[in-house]
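Novice: Mind the numbering: the sequence shown is residues 0 to 198 in numbering that gives the first Met the number 0, read in order.
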Amino acid sequence: MSDNPTPSTAGGDYTERLRTLESARWKQALDVQRPYRWNMRRLALGRTLEVGCGIGRVLSFLDDGVGVDHNTESIAVARERGYTAWTTDEWPTCPDAVPASFDSLVLAHVLEHVDEPTGDAIINEYLPFMKPAARLVLICPQERGYDSDATHVRFLDLADLNATARRAGFTPTRTSSFPFPRAAGRAFIYNESVMVAAR
Numbered sequence: 000m001s002d003n004p005t006p007s008t009a010g011g012d013y014t015e016r017l018r019t020l021e022s023a024r025w026k027q028a029l030d031v032q033r034p035y036r037w038n039m040r041r042l043a044l045g046r047t048l049e050v051g052c053g054i055g056r057v058l059s060f061l062d063d064g065v066g067v068d069h070n071t072e073s074i075a076v077a078r079e080r081g082y083t084a085w086t087t088d089e090w091p092t093c094p095d096a097v098p099a100s101f102d103s104l105v106l107a108h109v110l111e112h113v114d115e116p117t118g119d120a121i122i123n124e125y126l127p128f129m130k131p132a133a134r135l136v137l138i139c140p141q142e143r144g145y146d147s148d149a150t151h152v153r154f155l156d157l158a159d160l161n162a163t164a165r166r167a168g169f170t171p172t173r174t175s176s177f178p179f180p181r182a183a184g185r186a187f188i189y190n191e192s193v194m195v196a197a198r
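1. Give a yes or no on contact between the stretch 100-113 and the stretch 69-81, applying the rule of three or more CB pairs nearer than 8 Å.
2. Given this structure, state the Cα-to-Cα distance separating Asp102 from Phe154, to the nearest angstrom.
3. Do Ile121 and Val195 have their C-beta atoms closer together than 8 Å?
4. Compare the Cα-Cα distances from Gly45 to each of Arg134, Arg173, Tyr125, Pro6 and report the closest residue.
5. Under three-state DSSP, which class holds Leu17?
6. Val193 and Thr170: beta carbons closer than 8 Å?
7. Quick check on DSSP: helix, strand or coil for Arg56?
8. The alpha helix (DSSP H) with Gly118 in it runs from where to where?
9. Assign Leu202 to one of three DSSP states: helix, strand, or coil.
10. Could you have a look at Leu44 and say whether DSSP puts it in helix, strand or coil?
11. Please classify Arg199 as buried or exposed, where buried requires at least 16 other C-beta atoms within 10 Å of its C-beta.
12. With DSSP run on the structure shown, which of helix, strand or coil describes Leu110?
13. Quick check on Gly184: does DSSP put it in helix, strand or coil?
14. Assuming Leu212 and Tyr145 are in contact, meaning their beta carbons sit under 8 Å apart, how far apart are those beta carbons, in whole angstroms?
15. Can you tell which of Leu17, Ile54, Leu157 has the C-alpha that lies nearest to the C-alpha of Trp85?
16. Between Ala183, Glu72, Asp62, which lies nearest to Asp12 when the distance is taken from Cα to Cα?
17. Could you check how far apart the C-beta atoms of Ala99 and Trp90 are, in whole angstroms? I think they sit under 8 Å.
18. According to the Cβ coordinates, are Leu106 and Leu137 closer than 8 Å?
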């Protein structure tokens, strides 16, 4: 048995990691989030539920978003920033948990932290809150980004994201490597695989 337990995304250490990464001076000076913000907004997702919202990076890209996360400290930070966000324990009884009330479901940098059955279960848990014609957006890191976080347990490429969507009852309509072509994912830490699917 290993003396080093697998790192978790549930505690304050992970929240602090997210804050530290986000607050790097060079990132602030260059507004590195601009292309990611543009990419998300051009999807015109409508009222969006983001599962695994962390401290609110993607929520900041959404015009009408609600977040949920299992990390209570991350949710506290998201709320401090003015976002509507709930812990997974709060979600079932919160005022935003209204059946068939969301246009889109987003999981950005979530599935790589869990095994396939757990990932599928997370998506299925929130499907009752989606409208009949809702869209599903899945975003995962590519190789360099995957290797950068010790809490990652499963690498997913676009084929994996497509399969995940189909298991949840969605049909993939758009896949892309962003912001650079797929080959850049081996060197550029922030290259992402993005899949959009419709019911």
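Beta carbons: idealized from backbone N, C-alpha and C, even for Gly.
Specialist: Quick answer:
1. With the cut-off at 8 Å, the stretch 100-113 and the stretch 69-81 do not touch.
2. In the sequence shown, residue 102 corresponds to position 103, counting from 1. In the sequence shown, residue 154 corresponds to position 155, counting from 1. As the crow flies, the alpha-carbon of Asp102 is around 27 Å from that of Phe154.
3. Residue numbering aside, residue 121 sits at position 122 when the sequence shown is read from its first letter. Residue numbering aside, residue 195 sits at position 196 when the sequence shown is read from its first letter. No, Cβ-Cβ distance for Ile121 and Val195 is not below 8 Å.
4. In the sequence shown, residue 45 corresponds to position 46, counting from 1. Distances from the CA of Gly45 to each of Arg134, Arg173, Tyr125, Pro6 were compared; the closest alpha carbon is that of Arg134.
5. Taking the sequence shown and counting its residues from 1, the one referred to as residue 17 is at position 18. In the three-state scheme derived from DSSP, where H, G and I count as helix and E and B as strand, Leu17 is classed as helix.
6. As a first step, residue 193 must be located in the sequence shown, where it is residue number 194. As a first step, residue 170 must be located in the sequence shown, where it is residue number 171. Taking 8 Å as the Cβ cut-off, Val193 and Thr170 do not qualify as a contacting pair.
7. The count along the sequence shown starts at 1 and reaches residue 56 at position 57. Coil.
8. Position 119 of the sequence shown holds residue 118. Per DSSP, Gly118 is one residue of the alpha helix (DSSP H) stretching across 115-125.
9. In the structure as shown, the chain starts at 0 and stops at 198, and residue 202 therefore has no counterpart that could be examined.
10. Taking the sequence shown and counting its residues from 1, the one referred to as residue 44 is at position 45. Leu44 falls in the coil class under three-state DSSP.
11. Because the chain is modelled from 0 through 198, residue 199 falls outside the range shown and cannot be assessed.
12. The sequence position of residue 110 within the sequence shown is 111, counting from 1. Leu110: helix per DSSP, three-state reduction.
13. As a first step, residue 184 is located in the sequence shown; it is residue number 185 there, counting from the start. In the three-state DSSP reduction, Gly184 falls in the helix class (H, G or I).
14. The structure shown does not extend to residue 212, since the chain is modelled only from 0 through 198, so no value can be given for it.
15. Position 86 of the sequence shown, counted from the first residue, corresponds to residue 85. The shortest Cα separation from Trp85 among Leu17, Ile54, Leu157 belongs to Ile54.
16. Within the sequence shown, the letter at position 13 stands for residue 12. With respect to the C-alpha of Asp12, the residue from Ala183, Glu72, Asp62 having the closest C-alpha is Glu72.
17. Along the sequence shown, one-based indexing puts residue 99 at 100. Along the sequence shown, one-based indexing puts residue 90 at 91. 16 Å between Cβ atoms; not a contact.
18. Here residue 106 refers to the residue found at position 107 of the sequence shown. Here residue 137 refers to the residue found at position 138 of the sequence shown. Cβ atoms of Leu106 and Leu137: closer than 8 Å.
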